[in-house]
Amino acid sequence: MFYHLVTGSFALQKIPNKFTSKYGGGVKNPVYLKPPDGTQWKVRRTQHDYQILFEKGWKEFAAYYSLDHGHLLQFEYNGTSCFERLSRGLNIR
């Protein structure tokens, strides 16, 4: 599990280094984000200099849920390139 504070550009989002160092090699493409509303979002990830970034699909995900600078998100990784998503400080449709 990790927390992510939404900042800056919504074109891509960096995954925390602690998560990447523990699970980075096991996270395959695409990854799936599963928010509490039961939907499933396919997001492509890339890896640059030992950092994992959510790219293609992230911007649409962020726009759909009206994510904004300062929102704190909680992700729980289930080990099969799927992230269950819980939120903090934000209402999910």
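For the sequence shown, full-length UniProt numbering gives the first residue as 1, with consecutive numbering after it. Think of the CB as a built atom: it goes at the ideal place given N, C-alpha and C, for glycine as much as any other residue. Bear in mind that the values here come from a model prediction, so they are computed numbers and not experimental data.
When DSSP labels each residue in this structure, what does residue i get in the three-state scheme?
i, result
"Glu60", "helix"
"Tyr65", "coil"
"Arg93", "Residue placement at Arg93 cannot be trusted, given a pLDDT of 41 that sits under 50; what the coordinates show is reported in the next sentence. In this structure, Arg93 counts as coil in the three-state DSSP scheme."
Determine the closest residue to residue i out of the options, with distance taken between C-alpha atoms.
i, options, result
"Asn29", "Lys18, Lys14, Gln47", "Gln47"
"Tyr77", "Gln13, Gln40, Leu53, Tyr23", "Tyr23"
How about residue i: is its Cβ closer than 8 Å to a heavy atom in the ligand ZN?
i, result
"Asn17", "Looking at this structure, you won't find the ligand ZN or any other ligand, since it has none at all."
With respect to the beta strand (DSSP E) encompassing residue i, which residues constitute its N-terminal and C-terminal limits?
i, result
"Tyr3", "2 to 5"
"Glu76", "72 to 77"
Is the beta carbon of residue j closer than 9 Å to that of residue i?
i, j, result
"Val6", "Gly70", "yes"
"Tyr65", "Pro35", "yes"
"Cys82", "Tyr50", "no"
How would you write the range of the alpha helix (DSSP H) that residue i sits in, first residue to last?
i, result
"Lys22", "17 to 23"
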